[in-house]
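Here the structure is laid out as structure tokens; the discussion comes afterwards.
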Amino acid sequence: MGTQPVSLYVNNQDIEVAWLPSMPLIHKRRAPSIAGVGILYSEDSERVFDAFETDNLANTLKNSTRKQSVALANDPNCRVCWIEMPDTDCRLDVLRELSQRIDGSSNLLRIR
657 MGTQPVSLYV
667 NNQDIEVAWL
677 PSMPLIHKRR
687 APSIAGVGIL
697 YSEDSERVFD
707 AFETDNLANT
717 LKNSTRKQSV
727 ALANDPNCRV
737 CWIEMPDTDC
747 RLDVLRELSQ
757 RIDGSSNLLR
767 IR
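In this text, residue positions in the sequence shown follow our numbering: the first is 657, and each later residue adds one.
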């Protein structure tokens, strides 16, 4: 099965993960202090290493996690992308939607 970019439907808009605001994971100390959904994403391999909801992206990324280490080991250019949204229920809905688009091995599933 082939892969396509991960896309979400948020606030009546289709959003592709690769189009989201992002920064290299190695520069995570510069991440904004926003509430939303964070995504560790490799553009080169179109692979999502982690998706998480957060009240403060900067604080969440401060401590290295196993998933951050795995992401950087697989792609030193891995990026952290985010969707800013203060509403916790909306964040959980987006996270659920994104999780449905990723299989157990973190490969992206066909969207349509």
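A virtual CB, placed ideally from N, CA and C, is assigned to each residue, including glycine. Keep in mind the model is a prediction, meaning the values are calculated, not measured.
Quick check on the burial criterion: 16 or more other C-beta atoms within 10 angstroms. Buried or exposed for residue i?
{"i": "W738", "result": "buried"}
{"i": "E740", "result": "exposed"}
{"i": "A729", "result": "exposed"}
{"i": "I682", "result": "exposed"}
{"i": "S720", "result": "exposed"}
{"i": "Q724", "result": "buried"}
What separation, rounded to the nearest whole angstrom, lies between the Cα atoms of residue i and residue j?
{"i": "A674", "j": "N733", "result": "13 Å"}
{"i": "D749", "j": "P688", "result": "22 Å"}
{"i": "P680", "j": "N715", "result": "16 Å"}
{"i": "L717", "j": "I695", "result": "11 Å"}
{"i": "R722", "j": "V704", "result": "14 Å"}
{"i": "N712", "j": "D700", "result": "27 Å"}
{"i": "D743", "j": "L754", "result": "17 Å"}
{"i": "E672", "j": "E702", "result": "11 Å"}
Distance cutoff 8 Å, beta carbons only. Does residue i sit that close to anything in chain B?
{"i": "S701", "result": "Although the question refers to chain B, the structure presented lacks it and comprises just one protein chain."}
What is the C-beta distance between residue i and residue j, in whole angstroms, given that I count them as a contact (C-beta under 8 Å)?
{"i": "K684", "j": "V736", "result": "6 Å"}
{"i": "L676", "j": "E709", "result": "L676 to E709, Cβ: 15 Å. No contact."}
{"i": "D731", "j": "S698", "result": "4 Å"}
Check whether the Cβ of residue i sits closer than 7 Å to any heavy atom of the ligand FMN, and report yes or no.
{"i": "K723", "result": "As far as ligands go, the structure on display features none, and thus does not contain the ligand FMN."}
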